[in-house]
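Working notes, beginning with the structure itself.
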Amino acid sequence: MSEDTLDVSDSLDILSEEQLCRYLLQFIFECRGICHENLLLSALMKVQERCVNGAESSSWSVEQWQSRLAELINKWNVKLSLLDYKIIRVNHGIGKKCASNMIRNLDNFSFPDSNRFYVYVNSKTSDEMKLATRFSAREIEFIKWSLERIISAGLKIHEGILDDDDALVKEIDLIRRSVTGSDVPRWDNSCSFTVGSMELSQYGPMNALEIEGLIEKLIHLKWFYKNRRGEVGMDLKAIVELEDNLIESFQLVRCPVCDTLTLHGVMINGQENQSATYWHADCYQHYITHVGHDYLGTSLITNGIYVI
Ligand SMILES: [Zn+2]
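Heads up: the sequence shown runs through residues 1 to 308, numbered per the UniProt record's numbering.
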């Protein structure tokens with residue numbers, strides 16, 4: 001990712017708030033529409049000092065920087081709404097530790113770990129219209145078919161851990177250990193909202209080369225991602241833009257803590273007649289730390305399933 005566009009050190013001009021917002025938007029585009037909160041804060045720090053009253057920001061706390069960023073994004077969203085776009089802040093299900101490990105070390109400030117990403121999304125009401133702004137009709141058919149495969153794969157519970165060395169599995173075990181204060185045995189089961197490229201290449205209306213190219217395009221646009229096992233899943237952008245549709249079509253349930261959909265973290269199987277619930281790793285940690293160790297009669301400590 002190039003950060004040249006943010007190097008304003010040569011210019012002695014004072015930046016207006018509007019110019020500042022434009023830099024941030026440009027930075028989000030450089031990150032292809034998804035930007036880790038700490039990365040965006042780091043960019044804001046570089047340009048804020050060129051603003052009116054920029055000098056006073058040198059003593060700001062992390063919380064002040066976070067609220068300054070949220071304030072700027074809110075203001076800019078008013079303009080973006082005219083074009084049916086918005087920037088929203090979402091939690092990644094993998095949790096703050098794993099999410100922060102995804103970005104490089106930031107040299108200008110020491111930020112606390114964060115699971116939050118700013119995502120540039122289309123706010124049109126229908127999913128068809130959202131997809132149609134970026135993809136052809138043929139591509140949309142493939143995307144819909146793939147989503148069904150990915151969700152169906154995620155709803156299957158596997159005996160054993162799909163990837164013993166997965167950072168999220170280790171993180172969840174660490175959370176359970178630190179909250180209970182004792183060594184806890186690894187859970188027996190796992191699931192994953194991902195499918196192998198081979199399975200996606202079975203899509204009839206396209207040849208293998210076309211499918212491979214389209215998967216690469218979807219990964220580039222941050223709709224899909226590939227995990228370390230080489231399997232393909234939905235990236236944050238697809239989850240955020242298609243959330244309502246995914247919940248309605250596949251009877252998925254929003255995280256009980258923050259009321260948004262996650263396809264990573266912890267799954268708790270419901271008792272009779274109750275749906276399974278999917279929790280962001282950090283929401284899971286918050287709940288077992290501050291609320292309780294059971295949810296609707298099921299133990300959150302012993303009866304979980306890793307969603308990796
Ligand atoms: Zn949550």
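Glycine included, each C-beta is placed from N, C-alpha and C at the ideal position.
Ends of the beta strand (DSSP E) at residue i?
i, result
"W279", "277-279"
"Y118", "116-122"
"I88", "85-91"
For a quick check, are the C-beta atoms of residue i and residue j less than 7 angstroms apart?
i, j, result
"L20", "C51", "yes"
"E241", "V47", "no"
"H280", "T262", "yes"
"G160", "F193", "no"
"S123", "K170", "no"
"S190", "H220", "no"
"G196", "E148", "no"
"T277", "I288", "no"
"R68", "N91", "no"
"R89", "K222", "no"
"V119", "L236", "yes"
"A43", "F29", "no"
"L214", "E141", "no"
If you follow the alpha helix (DSSP H) that residue i is part of, which residue opens it and which one closes it?
i, result
"V78", "62-80"
"V179", "167-180"
"I157", "Where I157 is concerned, there is no enclosing alpha helix (DSSP H), given that its DSSP letter is neither H nor E."
"I211", "208-220"
"G196", "Not the alpha helix (DSSP H): G196 falls in the beta strand (DSSP E), residues 194-196."
"N189", "Premise fails: N189 lies in the beta strand (DSSP E), 189-191, not in any alpha helix (DSSP H)."
"G95", "95-101"
Is it buried or exposed for residue i, if we count other Cβ within 10 angstroms and need 16 for buried?
i, result
"K156", "exposed"
"I104", "In the sequence under discussion, the amino acid at residue 104 is Arg, which differs from the Ile named in the question. Result: exposed."
"D282", "buried"
"L209", "exposed"
"L83", "exposed"
"Q251", "exposed"
"V291", "exposed"
"I308", "buried"
"V78", "exposed"
"D166", "buried"
"E37", "buried"
"F224", "buried"
"R177", "exposed"
"M129", "exposed"
"D127", "buried"
"S299", "exposed"
"D4", "Only weak support exists for where D4 lies, its pLDDT of 44 falling under 50; the value from the coordinates is given anyway. That one is exposed."
"K97", "buried"
"A70", "exposed"
What are the uninterrupted segments assigned as beta strand (DSSP E) that are 3 or more residues long and contained completely in the segment 229-278, given in chain order? 231-234, 265-268
Neighbouring residues (CB closer than 5 angstroms to any heavy atom of ligand 1): C255, V257, C258, H280, C283
Could you give the uninterrupted runs of the alpha helix (DSSP H) lying entirely in the segment 27-51, keeping only those of 4 residues or more? 37-48
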